[in-house]
Amino acid sequence: MAYPETMKAIIFTNVPAEYKEGSVTDLHLKSSHPVPKPSEKQVLVKVHAVAITPYELTWPAPTDTPRVVCQDIAGEIVTAPAGSGFETGDRVYGLLEFYGQGGMAEYTVTEPEMLAKIPEGLDYVQAASIPRASLTIWQGLKEPVWKKEGGAVVKEGDNVLILGATGAVGRMAVQMTREWVGKNGKVVAMGGLGGEDLKELGADAVINYREVKDWALEVTKLGILFNLIFDCVGKKTLEAAIPLVQGGGMIGTIASPPPEEYHIEGWDVLEKAGRGFFFIVDGNSGSGKQLTEISGLVKKGAIVPSVSAIIDGLDEKAVQDGWSAALKGGVRGKPGSSVVKIL
1 MAYPETMKAI IFTNVPAEYK EGSVTDLHLK SSHPVPKPSE KQVLVKVHAV
51 AITPYELTWP APTDTPRVVC QDIAGEIVTA PAGSGFETGD RVYGLLEFYG
101 QGGMAEYTVT EPEMLAKIPE GLDYVQAASI PRASLTIWQG LKEPVWKKEG
151 GAVVKEGDNV LILGATGAVG RMAVQMTREW VGKNGKVVAM GGLGGEDLKE
201 LGADAVINYR EVKDWALEVT KLGILFNLIF DCVGKKTLEA AIPLVQGGGM
251 IGTIASPPPE EYHIEGWDVL EKAGRGFFFI VDGNSGSGKQ LTEISGLVKK
301 GAIVPSVSAI IDGLDEKAVQ DGWSAALKGG VRGKPGSSVV KIL
């Protein structure tokens, strides 16, 4: 498959040297950005859609700057090395390395190990919404990257509380833990606007913190002993959840800053006891195999993609506006990922 020398790409021109807040006004369209050249071990992908990770603009500089943004991609193989498992024309999706060049462009390169084939029935926009959210849950709870001894955190019959269940990762957590705990386990979801379908996604009970005075008290009233509390919010929400950790239960969070930096009361005790953990998805190692397993959950209907907004094309102003909206929580009352449809 032939491809051009240059392409359109959205680049972030003011990449910080350390973690700090970036500005959407530093996102710019470059109409003649060089098409990346794959090495002998890499694949070249024609990108059809990418999902926005709002806080990517806080990430410090990678080796090469300015940076093409977005790591969640869906597209088709242009070239692939022999033995990679991919052929020209294959529909693929995946999570690119965090500190390399991203995928909000017409083409990108990556290692084959970072990709999986898109399940039949998904379009490119839906596929782009899946990698980061699902891999976060997989690497946190199924094959935990933070757990030296290995072994799944969530098992058949467990009871799980999801905090921030109306966000992209939280919604994915509801669906995947529902599959893993089975009929004998319970999944309780706490979130805000847009949680009307959480029971359809697998939650046994849903608590809207906007409609109650004390969400933690409402959780207590359920009388459920939780094996795991999974937090996607952090700070005061995480702090309020600490007393809910009882018996041999565990609590994990993906929210930044890490609990030790925010000085969450009681966190250090749980962490030292091996019952509190903080992690982020590992975007710098081959996750295609895990994503292939996740594709199996998509095929059986256990995972339904959540897309809150679609930005049509590599338009600078539209991307800036869409990114700004994502930073504010996305489309009000419509949870999920914001996806840029490139083709």
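Under UniProt numbering, the letters of the sequence shown match residues 1 to 343, in that order.
Here a beta-carbon is modelled for each residue, glycine too, at the ideal position from N, C-alpha and C.
{"Item": "Which same chain residues, not among the five before or five after residue 158, have their C-beta less than 6 Å away from its C-beta?", "Value": "181, 185, 227"}
{"Item": "Whose CA, out of 241, 150, 307, lies closest to the CA of residue 398?", "Value": "The chain is shown only over 1 to 343; residue 398 falls outside these bounds and no answer can be derived."}
{"Item": "Just the C-alpha distance for residue 135 and residue 221, rounded to the nearest angstrom, thanks.", "Value": "32 Å"}
{"Item": "What would DSSP say about residue 295, mapped onto helix, strand or coil?", "Value": "helix"}
{"Item": "With DSSP as the reference, label residue 275 as helix, strand or coil.", "Value": "coil"}
{"Item": "Given 8 Å as the limit, is there contact between the region 131-146 and the region 319-327, that is, 3 or more CB pairs closer than that?", "Value": "no"}
{"Item": "Straight-line CA distance for residue 249 to residue 207?", "Value": "20 Å"}
{"Item": "Leaving out five residues before and five after residue 144 in sequence, what residues of the same chain have Cβ atoms less than 6 Å from its Cβ?", "Value": "153"}
{"Item": "Per DSSP, residue 300 forms a beta bridge with which residues?", "Value": "Paired residues: none, contrary to the question."}
{"Item": "What does DSSP give as the partner residues of residue 89 in its beta bridges?", "Value": "In DSSP, residue 89 forms no bridge with anything."}
{"Item": "Am I right that residue 109 and residue 38 are in contact with their C-beta atoms under 8 Å? What's the rounded C-beta distance?", "Value": "4 Å"}
{"Item": "If residue 78 and residue 7 are in contact, beta carbons under 8 Å, what's the gap, nearest whole angstrom?", "Value": "The Cβ separation is near 12 Å, so there is no contact."}
{"Item": "With DSSP as the reference, label residue 178 as helix, strand or coil.", "Value": "helix"}
{"Item": "Would you list the one or two residues that DSSP bridges to residue 102?", "Value": "In DSSP, residue 102 forms no bridge with anything."}
{"Item": "Comparing C-alpha positions only, which one of 188, 229, 243, 59 sits nearest to residue 256?", "Value": "59"}
{"Item": "In terms of residues, what are the limits of the alpha helix (DSSP H) holding residue 236?", "Value": "235-241"}
{"Item": "Just the Cα atoms here: how many angstroms apart are residue 127 and residue 311?", "Value": "15 Å"}
{"Item": "Please go through the same chain and pick out, in chain order, the residues whose beta-carbon is closer than 7 Å to the beta-carbon of residue 66, but skip the five residues on each side of it.", "Value": "11, 12, 13, 15"}
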